[in-house]
Ligand SMILES: [Zn+2]
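Numbering (UniProt numbering), first residue to last: 1 to 488.
Here it is, written out as structure tokens:
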């Protein structure tokens with residue numbers, strides 16, 4: 001069952017400017033906002049699609065999600081893979097149980113253990129064997145609201161925390177000085193603003209806030225005063241890459257993992273129409289759905305992300321531990337997000353670690369566990385984690401917007417017809433994807449609707465100001481010659 005406690009927050013608004021100056025809230029509200037950062041992309045898209053709230057947010061990632069939904073299970077390594085991608089688990093899902101609103105219903109999650117009580121290993125996924133070599137014998141479900149842990153309150157932040165969070169998602173301790181600072185910034189006086197209580201903030205409102213945090217620079221004003229913005233035009237432009245980083249040809253003989261790809265380029269329009277790719281490239285793309293949103297903000301601090309959530313991330317990176325975070329470990333889970341155990345792939349190009357598996361001892365000492373035997377007739381004997389999601393060898397068509405379908409003899413021709421591109425205008429180019437390209441693809445997948453063109457077609461650097469999320473203490477003097485997602 002999904003929890004749905006309602007919350008209230010105090011907001012300071014300027015009726016005249018139709019603007020929220022700041023929200024004053026306690027631990028419950030800030031913990032909810034922070035949980036957005038820890039959620040894997042597929043979990044966010046799944047929640048928003050479920051509630052019919054997703055339009056054009058999340059760049060090409062929504063197309064990847066839809067592609068997995070439509071993909072025949074026979075194309076996947078196992079039936080479990082679809083679940084791993086469409087409902088990816090979060091490394092911090094156990095902590096979601098303490099949130100006032102359980103946005104993703106983590107109470108349905110199961111864990112798997114072998115029969116040896118001395119073995120402490122617990123798996124997030126039912127695969128072929130436990131780490132000790134024995135088969136998994138039991139499923140474990142954590143009973144809802146049965147935590148035996150001391151009820152010290154707070155999830156990521158201290159239970160006593162009260163904060164002011166402004167319309168750009170910048171966080172400060174509650175103080176008169178900080179109130180005056182924000183009023184001054186907006187050229188408002190205390191008298192020209194008023195205090196309001198927003199009551200009954202439930203799941204629907206929090207999900208709408210999640211959408212606004214992805215697409216709006218003024219999420220609180222949008223939710224509490226104005227109407228949520230129309231997200232139809234909220235996909236960004238991807239700042240061109242540095243020429244020397246682009247388009248390596250397939251003759252490099254280094255041992256590094258790399259993926260080859262055949263691009264079909266519409267020459268007159270200088271865009272990638274589609275790519276023909278093997279299962280390795282599709283595995284790379286699908287794995288983006290398992291990555292926590294916070295990783296994008298960590299890895300690409302200059303990403304031209306349209307929303308405000310990146311500001312919250314930048315802000316918590318800078319915040320001191322003592323007054324705000326529940327512990328150093330909790331700050332670490334937010335600032336350095338990890339994949340849930342079992343989601344990392346062998347030979348993955350994106351350098352992202354898995355969180356450690358929870359131990360049997362930890363689960364037993366913190367939760368009441370409902371243990372149930374697994375059916376002997378299970379078809380999980382040959383399921384191995386980390387071996388990719390897509391069965392190979394196989395060929396796929398990946399469109400410019402990262403929509404993926406199995407390749408057929410006519411799929412390319414059909415697309416050319418649909419896009420009104422003649423065969424003479426097509427250039428076929430072989431390229432390789434290495435770690436650098438994989439990172440650029442990841443960045444483009446969140447902020448662009450044309451990821452393949454943005455990453456593989458060489459554009460001249462433009463003298464254009466970075467439109468990225470630099471409101472939280474960043475600066476506008478970014479090097480125009482450097483690609484916006486360059487992590488180096
Ligand atoms: Zn074991």
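Ideal Cβ positions, reconstructed from N, Cα and C, are used throughout, including at glycine.
- Taking 7 Å as the cut-off, one finds at least one heavy atom of ligand 1 near enough to the beta carbon of residue 134.
- Not one heavy atom of ligand 1 lies closer than 7 Å to the C-beta of residue 102.
- Counting along the chain, the unbroken alpha helix (DSSP H) around residue 311 starts and ends at 309-318.
- Nearest to residue 276 by alpha-carbon distance, out of 72, 82, 403 and 88, is 403.
- The nearest non-hydrogen atom of ligand 1 is less than 7 Å from the C-beta of residue 116.
- For residue 293, the uninterrupted alpha helix (DSSP H) run begins and ends at 293-299, by DSSP.
- Runs of the alpha helix (DSSP H) lying entirely within the region 409-455 and spanning at least 4 residues, in chain order: 411-418 and 435-447.
- Exclusion of the five residues before and after residue 132 leaves 114, 116, 119 and 121 as the residues of its chain whose Cβ lies within less than 7 Å of its Cβ.
- The beta carbon of residue 121 sits closer than 7 Å to at least one heavy atom of ligand 1.
- Around the CB of residue 190, fewer than 16 other CB atoms lie within 10 Å, so the residue is classed as exposed.
- According to the DSSP assignment, residue 175 belongs to no beta strand (DSSP E), since it is labelled neither H nor E.
- Residue side-chain check: residue 440 keeps its Cβ at 7 Å or more from all non-hydrogen atoms of ligand 1.
- By the C-beta criterion, the region 170-181 is judged not to be in contact with the region 152-159, since fewer than 3 inter-stretch pairs fall below 8 Å.
- An exposed status is given to residue 346, since fewer than 16 other beta-carbon atoms sit within 10 Å of its beta-carbon.
- DSSP, read as helix, strand or coil, puts residue 189 in coil.
- Put simply, the backbone Cα of residue 93 is about 11 Å away from that of residue 339.
- Approximately 5 Å separates the beta-carbon atoms of residue 171 and residue 315; this is inside 8 Å, confirming the contact.
- In the DSSP assignment, residue 143 forms no beta bridge with any residue.
- The Cβ atoms of residue 357 and residue 341 lie closer than 8 Å to each other.
- According to DSSP, residue 395 shares a beta bridge with 278.
- The beta carbon of residue 124 sits closer than 6 Å to the beta carbons of 89, 340, 341 and 342 from its chain, once the five residues preceding and following it are set aside; these are given in chain order.
- For residue 400, no alpha helix (DSSP H) run applies, since DSSP gives it neither H nor E.
- When C-alpha distances from residue 364 are compared across 451, 421 and 140, the shortest belongs to 140.
- Distance between residue 51 and residue 58, taken at the CA atoms: about 16 Å.
- At least one heavy atom of ligand 1 falls within 7 Å of the beta-carbon of residue 131.
- Counting only residues of its own chain and dropping the five nearest sequence neighbours on each side, residue 82 has a CB closer than 7 Å to the CB of 68, 73 and 76.
- Your pair residue 304 and residue 447 checks out as a contact, with CB atoms roughly 6 Å apart and the cut at 8 Å.
- Setting aside the 5 residues that flank it on each side, residue 290 is surrounded in the same chain by 40, 41, 42, 84, 85, 88, 339, 340 and 343, each with a C-beta closer than 8 Å to its C-beta; the list follows chain order.
- In the three-state reduction of the DSSP assignment, residue 36 falls in the helix class.
- The region 409-420 makes contact with the region 265-275, as at least three CB pairs between them are under 8 Å.
- Membership of residue 10 in the beta strand (DSSP E) is indicated by the continuous run 7-14.
- Measuring C-alpha to C-alpha distances from residue 138 to each of 112, 331 and 391 identifies 112 as the nearest.
- Close CB contacts of residue 307 within its chain, under the 7 Å cut and outside five residues either way in sequence, are with 213, 214, 215 and 216 (chain order).
- If you look at residue 333, you'll find it in the alpha helix (DSSP H) that goes 328-335.
- Distances from the alpha-carbon of residue 64 to those of 455, 457, 450 and 454 put 450 closest.
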